[in-house]
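Peer 1: Throughout, my numbering is defined as the position within the sequence shown, counted from one, plus 28. Cβ atoms here follow ideal geometry from the backbone N, Cα and C, with glycine treated the same way. In this text the structure is predicted, and so the values were computed from the model without any measurement.
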Amino acid sequence: MATEAPRLPRKLYKYKSFDVNTLRMLSEAEVYFANPPQFNDPFDCSPTVRVDVERSEVERLWKHLRLKAVGRPQAVEELMNHRYMATEHGGRHDDDASGTEIYVGRLVSGIDDHVCSHFGGRGVLSLAARWDCPLMWSHYGNEHRGMCIEFDTNDHRCDRLESVTYGATRYLLVSDLVAWHLGKSDKAEQKIMRQFFFAKAPQWRYEKEWRAVAPASGADDAPFRISAIHLGFRSDPAIATAVVKVLAGARDEIKFYGMWSKGDGFKLARYPLDVDEIDARGIRTSLKFAIDDFDVLQ
29 MATEAPRLPR
39 KLYKYKSFDV
49 NTLRMLSEAE
59 VYFANPPQFN
69 DPFDCSPTVR
79 VDVERSEVER
89 LWKHLRLKAV
99 GRPQAVEELM
109 NHRYMATEHG
119 GRHDDDASGT
129 EIYVGRLVSG
139 IDDHVCSHFG
149 GRGVLSLAAR
159 WDCPLMWSHY
169 GNEHRGMCIE
179 FDTNDHRCDR
189 LESVTYGATR
199 YLLVSDLVAW
209 HLGKSDKAEQ
219 KIMRQFFFAK
229 APQWRYEKEW
239 RAVAPASGAD
249 DAPFRISAIH
259 LGFRSDPAIA
269 TAVVKVLAGA
279 RDEIKFYGMW
289 SKGDGFKLAR
299 YPLDVDEIDA
309 RGIRTSLKFA
319 IDDFDVLQ
């Protein structure tokens with residue numbers, strides 16, 4: 029029985045260092061959709077094709093993809109080259125010896141390249157389902173010196189927004205690719221896309237990740253509205269001042285929190301920041317000049 033997909037949380041979170049990209053996220057409503065090869069996990073969005081059909085089906089799929097990509101003359105030339113190379117290194121390509129294995133392997137490599145090329149230009153915005161994960165603060169929030177931005181998922185403008193599945197297979201079955209490309213199956217296409225973009229190793233489960241997938245990587249308008257800002261346990265007070273100043277026009281819509289440790293354990297809690305007090309600080313004058321101003325007042 030298929031597992032029911034998790035319900036979209038009302039809020040999703042982005043842990044960030046305080047840098048120019050974060051300022052653009054706050055002031056320009058801009059987010060960055062990363063290209064998967066930039067991810068720190070080399071297995072993420074990098075599936076492999078597994079053969080679960082007869083050799084003739086692998087060959088049929090390869091022919092369909094290459095004919096569409098390069099035309100008949102070049103596809104025929106490439107196919108003959110694959111057969112020749114299999115014969116050179118393993119005997120006949122159509123027997124049960126290693127030649128068949130090499131031949132199928134070369135076809136599968138081409139199919140794999142096609143899948144990567146098809147999805148490779150898309151961008152991924154990674155988000156978390158919670159704001160109080162110590163590991164996320166340490167790994168992505170500049171060791172608690174940065175911030176965690178809360179997005180409201182109501183009326184989001186994502187092309188595709190789904191949760192990550194941990195422990196799912198990295199393998200793309202040739203049978204599913206055949207059903208997608210030759211059978212025009214929408215269900216098979218959706219399955220392939222989920223395995224490509226939304227499958228990660230179980231060791232990443234603590235992230236509770238959700239992903240928005242866009243047609244292209246790079247900077248783009250944010251598909252969410254910001255609803256809260258959480259400032260890290262170690263964040264400098266100057267960051268609070270800068271953030272409050274930048275978002276001054278949206279103070280009625282955005283909440284501001286500071287982080288602290290809950291009780292005597294390891295859990296994190298949040299408390300509302302006094303935005304009026306932070307805003308009243310203004311821009312501090314150097315004490316070296318403040319003394320001069322004090323003398324004038326005397």
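Closer than 6 Å by C-beta to His142: which residues in its own chain qualify, once you throw out the five before and the five after it? Chain order, please.
Peer 2: Counting only Cβ-Cβ distances below 6 Å, and skipping sequence neighbours, we find Leu93.
Peer 1: Which whole-angstrom value is the C-beta distance of Leu36 and Thr181, which I expect to be below 8 Å?
Peer 2: The Cβ separation is near 6 Å, so the contact holds.
Peer 1: Could you check the C-alpha separation between Asp204 and Met221 for me, to the nearest Å?
Peer 2: Distance between the alpha carbons of Asp204 and Met221: 11 Å.
Peer 1: Tell me which residues share the same chain as Arg185 and place their Cβ nearer than 6 Å to its Cβ, disregarding the 5 neighbours each side in the sequence.
Peer 2: Answer for Arg185: Pro251, listed in chain order.
Peer 1: Would you mind sorting Asp292 into buried or exposed? The rule is 16 or more other CB atoms within 10 Å of its CB.
Peer 2: Asp292 should be labelled exposed.
Peer 1: For His110, which of helix, strand or coil comes out of DSSP?
Peer 2: It is helical.
Peer 1: Can you tell me whether Gln223 is buried or exposed, with buried defined as 16 or more other CB within 10 angstroms of its CB?
Peer 2: Buried, because 16 or more other Cβ atoms sit within 10 Å of the Cβ of Gln223.
Peer 1: Ignore the nearest five residues each way along the sequence and tell me which others in Tyr199's own chain have a CB closer than 7 Å to its CB.
Peer 2: Hits under 7 Å: Pro75, Thr76, Arg78.
Peer 1: Can you give the Cα-Cα distance for Ile267 and Phe179, rounded to whole angstroms?
Peer 2: If you take the alpha carbons of Ile267 and Phe179, they lie about 19 Å apart.
Peer 1: Would you say the beta carbon of Arg150 is closer than 6 Å to some non-hydrogen atom of the ligand COA?
Peer 2: The ligand content of the structure shown is nil, which means the ligand COA is not present either.
Peer 1: For Pro230 versus Tyr285, is the C-beta distance shorter than 7 Å?
Peer 2: Not in contact: Pro230 and Tyr285 (Cβ atoms no closer than 7 Å).
Peer 1: Using a 10 Å radius around the Cβ and a threshold of 16 neighbouring Cβ atoms, would you call Pro42 buried or exposed?
Peer 2: One detail in the question is off: residue 42 reads as Lys in this sequence, not Pro. By the 10 Å Cβ count, Lys42 comes out buried.
Peer 1: What number of angstroms, rounded off, separates the C-alpha of Glu58 from the C-alpha of Ala196?
Peer 2: The straight-line gap from Cα to Cα measures roughly 31 Å.
Peer 1: Under a three-way DSSP split, which group does Gly246 fall into?
Peer 2: Reduced to three states, the DSSP call for Gly246 is strand.
Peer 1: For Asp307, is the classification buried or exposed, using 16 other Cβ atoms within 10 angstroms of its Cβ as the cut-off for buried?
Peer 2: So Asp307 counts as exposed.
Peer 1: Can you list, in chain order, the residues of its chain with a C-beta nearer than 7 Å to that of Pro243? Leave out the 5 residues immediately preceding and following it.
Peer 2: Closer than 7 Å at Cβ, skipping near neighbours: Arg150, Asp187.
Peer 1: In whole angstroms, what is the alpha-carbon distance linking Asp124 and Ile130?
Peer 2: With a pLDDT of only 49 at Asp124, under the threshold of 50, the placement of this residue in the model should not be trusted, and no figure is reported.
Peer 1: Please state the DSSP three-state secondary structure of Cys144.
Peer 2: Helix.
Peer 1: Taking Ser363 as the reference, give the member of Gly260, Thr313, Ser314, Ala156 with the closest Cα.
Peer 2: The chain is shown from 29 up to 326; residue 363 falls before or after that span and cannot be answered.
Peer 1: For Arg312, does the three-state DSSP call read helix, strand or coil?
Peer 2: Residue state, collapsed to three classes: coil.
Peer 1: Going by other Cβ atoms of all chains shown within 10 Å of its Cβ, with 16 needed for buried, is Phe317 buried or exposed?
Peer 2: When all chains shown are included, Phe317 counts as exposed.
Peer 1: By the three-class DSSP mapping on this structure, what secondary structure does Pro34 have?
Peer 2: Three-state DSSP puts Pro34 in coil, outside helix and strand.
Peer 1: Can you tell me whether Gly138 is buried or exposed, with buried defined as 16 or more other CB within 10 angstroms of its CB?
Peer 2: Under this definition Gly138 is a buried residue.
Peer 1: In whole angstroms, give me the CA-to-CA distance for Arg262 and Ile177.
Peer 2: Their backbone Cα atoms lie some 16 Å apart in a straight line.
Peer 1: For His69, which of Ala227, Ile254, Tyr299 has the nearest alpha-carbon?
Peer 2: Looking at the sequence itself, residue 69 is Asp, so the reference to His does not match. Taking only the C-alpha atoms, the option nearest Asp69 is Ala227.
Peer 1: With H, G and I counted as helix, E and B as strand and the rest as coil, what does DSSP make of Ala57?
Peer 2: The answer is coil: DSSP assigns Ala57 none of H, G, I, E or B.
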